[in-house]
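Below is one structure, written out as structure tokens; the observations come after it.
Numbering (the numbering used here), first residue to last: 10 to 277.
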């Protein structure tokens, strides 16, 4: 069965590599695991052999039918033909994981990697993710302030999780081979965000504004938030941040300080 480009299908058939991925994920016999993209079921089967229960989502109806039949001997496996971005993760846990926290292990479709990651880290039941992503996405997530890869994705992921690059994979291990290298990335979700922010939506808006026009100074890029100039100027003073810098050099802590300053100044 040929891979469908529209769903970013790139399969791994090497059992040794699949076993290595599962081992690197650290999942064990007491774990509930959610997989995104069942594919031909190679990773799915390795997981089903190791953990308490696997729920795997496959958007491709043909692959869903094929793999559901192929792996029907595993009683601890449920394969669902739905779009993961449309799924209620809390409901999945209630129906299949006894309402308990779960881990994510997946070879993510590259064209929707970021939306899937953000959906997962926003769910309080997801405790850990081990995911195959494009190497450049992994580098963006792990980037440091002041580097070219540092941006919104870096901040939003690191705000909720601790990332760790496990190892890289050559395009040759996939069928069909993608045009880019891949990376196995682990995200350990924090019990509470890395830094304290009084209003997560405001924090998010400040970050988005700063990187929406990343070549502009913060004093200009944050104008889109609609705060009076005197409030913005005072927030910079309170947060001890120069308005004449660009967002790409601020740490997560500094973005939090700026957002919190705006929060308190507008609550007076």
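Idealized CB from N, CA, C, for every residue including glycine.
Cβ of residue 190 less than 8 Å from any chain C Cβ?
The structure shown contains no chain C; it holds only a single protein chain.
Near residue 147, what residues of its chain come up, given a Cβ to Cβ distance below 8 Å and the 5 sequence neighbours on each side ignored?
Scanning its chain for C-beta atoms nearer than 8 Å, with the 5 sequence neighbours on each side dropped, one finds around residue 147 the residues 172, 174, 192, 194, in chain order.
So does the region 179-186 actually touch the region 202-216, counting three or more Cβ pairs closer than 8 Å?
no
Which whole runs of the beta strand (DSSP E) in the region 22-80 are 3 residues long or more, in chain order?
41-45, 62-66
Burial state of residue 107 (16 or more Cβ within 10 Å):
exposed
Beta-carbon within less than 8 Å of residue 94's beta-carbon, same chain only, minus the 5 sequence neighbours each way: which residues are those?
121, 124, 125, 128
What does residue 260 pair with, by DSSP beta-bridge criteria?
In the DSSP assignment, no residue is bridged to residue 260.
Mapping the DSSP letters down to three states, classify residue 138 as helix, strand or coil.
strand
Assigned secondary structure, residue 238 (DSSP; H/G/I helix, E/B strand, else coil)
Here residue 238 sits in helix by DSSP.
So, for residue 220: in the same chain, excluding its five sequence neighbours on each side, which residues have a beta-carbon less than 6 Å away from its beta-carbon?
160, 161, 256
Please list the terminal residues of the continuous alpha helix (DSSP H) segment that includes residue 113.
Residue 113 -> not in any alpha helix (DSSP H); beta strand (DSSP E) instead, spanning 111-116.
Is the region 58-65 in contact with the region 75-87, if contact means three or more CB pairs nearer than 8 Å?
yes
Mind checking residue 40: buried by the 16 CB within 10 Å criterion, or exposed?
It counts as buried.
Should the region 137-152 be called in touch with the region 25-39, which here means at least 3 C-beta pairs below 8 Å?
A contact is defined here as three or more CB-CB pairs under 8 Å, and the region 137-152 meets this definition with respect to the region 25-39.
Can you tell me the Cα-Cα spacing of residue 222 and residue 71, whole angstroms?
43 Å
Assuming residue 231 and residue 218 make a contact with CB atoms under 8 Å, what is their CB distance in whole Å?
5 Å
Return the chain-ordered list of same chain residues with a C-beta closer than 6 Å to the C-beta of residue 281, the five sequence neighbours on each side being excluded.
Because the chain in this structure spans residues 10 to 277, residue 281 falls outside the shown range and cannot be described.
Applying the 10 Å Cβ sphere with the 16-neighbour rule, what's the burial state of residue 15?
Summary for residue 15: the model assigns pLDDT 48, below 50, so the residue's position carries little reliability; its value from the coordinates is reported in the next sentence. Exposed, by the Cβ-count rule.
Hey, would you say residue 118 sits closer than 8 Å to residue 46, going by beta carbons?
yes
Return the Cβ separation of residue 52 and residue 116 in integer angstroms, given the expectation that the two are a contact with Cβ distance under 8 Å.
Contact annotation, residue 52 with residue 116: C-beta distance approximately 6 Å; criterion of less than 8 Å satisfied.
Return the first residue and the last residue of the alpha helix (DSSP H) that residue 250 is part of.
Looking at the DSSP string, residue 250 is not in any alpha helix (DSSP H), and its letter there is neither H nor E.
In the DSSP assignment, what residue or residues form a beta bridge with residue 202?
Under DSSP, residue 202 takes part in no beta bridge, so it has no partner.
Quick check: the Cα distance between residue 90 and residue 20, rounded to an integer number of angstroms?
18 Å
Could you give the residue range of the alpha helix (DSSP H) that holds residue 227?
227-230
Is residue 156 helix, strand or coil when you go by DSSP?
Assignment of residue 156 by DSSP, reduced to helix, strand and coil, places it in the coil class.
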